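Please read the structure below before turning to the comments.
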Amino acid sequence: MLLGVIADDFTGATDIAGFLVENGMRTVQLNGVPDAQTQVDADAVVISLKSRSCPAEQAVSQSLAALHWLKDQGCQQFYFKYCSTFDSTEQGNIGPVTDALLDALNESFTIVCPALPVNGRTVFNGHLFVLGEPLNESGMRHHPVTPMTDSSVIRLMNRQSKGETGLVNYQVIEQGAQEVVEQFATLQQSGKRYAVVDAFNSAHLTTLGQAAKSLKLITGGSGLAAGIAHNWAQHLADQSDAKAAGLPQAASSVVLSGSCSLMTNKQVKHYQALAPSLAVDVEACLNDDNYVQHVFEWVTANLNNARAPMVYATADADKLQQIQSRYGSAVSSQAVELFFSRLAHQLQEFGVRNFIVAGGETSGTVTQSLGVKGFHIGPQIAPGVPWVKSIDGSLSLALKSGNFGDEPFFTTAQDFYS
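Under the UniProt record's numbering, the sequence shown is numbered contiguously, ending at residue 418.
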């Protein structure tokens, strides 16, 4: 095993796993920390946790357990994968987990690289942009769990970590990998523990990938995955059919959308005109013990349509604020996630085999409810969103991070097996 990835949510895990497969690494995704007896034959293993928004000490504990298992498998390099919009509060969890992993590896330095230009996430002079807008002016400022109110990755990292953060700007990166490596050394000598790296095009990521070759721990979004995979190219066999194991098959399907991101709102609106759709009633989730059964009956009655039925809790910023004001942010979010968990389980028991899920939290909840322990990674539906198939071959899932994909995403996903 060459590369071990610790991802802080399920969609983030499939995101980076898809890029690794696209660039020639045989990759398996495991859901949750594997037990000591778990054996995997792969070039890279991605362990998906649900640690993005849990208490920081819990995120650290889970991440260290994952690291311990990966070290036992003989992994040579490690990658802490978080969202390309750096989703975290001022308390973490990105900083505390990074510190814990560095300490466990006896390392004193790593990079912070959330950039994913192919999906509009870019870093310029240490500031993170989403589709050209500063992070704090993008839709992420309204995120219900991790509202992002500062675009400076340096400030964000300094607030939640125990070290100091420096910058490798684009002028250095455009001079080549050796200059970047020398800048890493300069920052370490000045006492910096982390380096935020600029990246606003694929050439920057290629250079950074080369420069990161000697780092034991890398942290970031999935943008660097291709470069890291290329570093291991001489160790890889022909993997031209690596994606075949994750291809979905024609079967009963459902779309479950829990994300309230701007793009998911557009995707839901687009799909409403094409397929049966049902909005989640938050009050019913909280107060009606039979609500899941009612929705289950609606879904099963609509499974024979040309397109899969959609159940969505997606709402725009104003509607989301109304819901949170009325029921409370944590209470309403937990009620909706529990609803999706129970619904997914009942649909699986009924015979639904393909689940298209929008939202990191919802994807984690649904995957856990379905009892899936690991995935084979298939072809990408959109950059960062591959189809994945359970290791036993019984279920296929498309787990989409909130802002990923284009407006027709839900139909595009079904075109792989229609």
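We treat Cβ as the ideally placed atom computed from N, Cα and C, and that holds for glycine. None of the values given here were measured: they were computed from a predicted structure.
Identified DSSP bridge partners for residue i
i	result
E133	V130
L399	V357
Q380	P386
V255	M310, I356
T165	Y194
F375	Q29, S390
L3	A44, Q77
V112	V196, T219
T89	G92
Three-state secondary structure assigned by DSSP to residue i
i	result
A301	helix
G95	helix
F200	coil
R326	helix
residue 435	The displayed coordinates of the chain run from 1 to 418. Any statement about residue 435 would go beyond what the structure contains.
K81	strand
R121	strand
residue 436	Outside the shown range of the chain (1 to 418) lies residue 436, about which nothing can therefore be said.
V280	coil
T146	coil
C285	helix
G176	coil
Q37	coil
G24	coil
Anticipated Cβ contact below 8 Å, residue i with residue j, distance rounded
i	j	result
I154	T165	5 Å
D187	Q77	Residue identity check: residue 187 is Leu in the sequence provided, not Asp. With 8 Å as the limit, L187 and Q77 do not qualify as a contact, their Cβ atoms being about 20 Å apart.
residue 438	V255	Summary: the structure shown does not reach residue 438, with the chain confined to residues 1 through 418, and so no result is reported for it.
F350	T300	6 Å
Close Cβ partners of residue i (< 6 Å) along its chain, the five nearest in sequence each way excluded
i	result
N23	A226, A229
G364	D9, F10, K50
E179	V172
P383	V118, N119
S84	P114, L116, R121, G221
V268	S257, Y312, T314
G359	G258, S259, G402
Q348	L370
Option nearest residue i by Cα separation, candidates the options
i	options	result
M157	Y327, A413, L347, K192	K192
G12	L3, I218, R52	R52
F109	T412, I218, C260	I218
Y79	A358, T367, A212	A212
N106	D288, L215, F350	L215
Q414	S151, A275, V40	A275
E174	A195, Y194, L205, A185	L205
L20	K81, D198, T207, A344	K81
Contact set for residue i: own chain, Cβ-Cβ below 8 Å, skip 5 residues either direction
i	result
N265	T314, A315, D316
G393	none
Y327	V282, E283, L286, A335
G209	L224, A226, G227, I228, H230, N231
7 Å Cβ shell around residue i - same chain, five flanking residues per side excluded
i	result
R342	V292
E90	R159, Q160
N136	M148, T149, D150, S151
Cβ-heavy atom distance, residue i to the ligand ATP, below 7 Å
i	result
P114	For the structure depicted, the ligand ATP is absent and the ligand set is empty, with no information on it obtainable.
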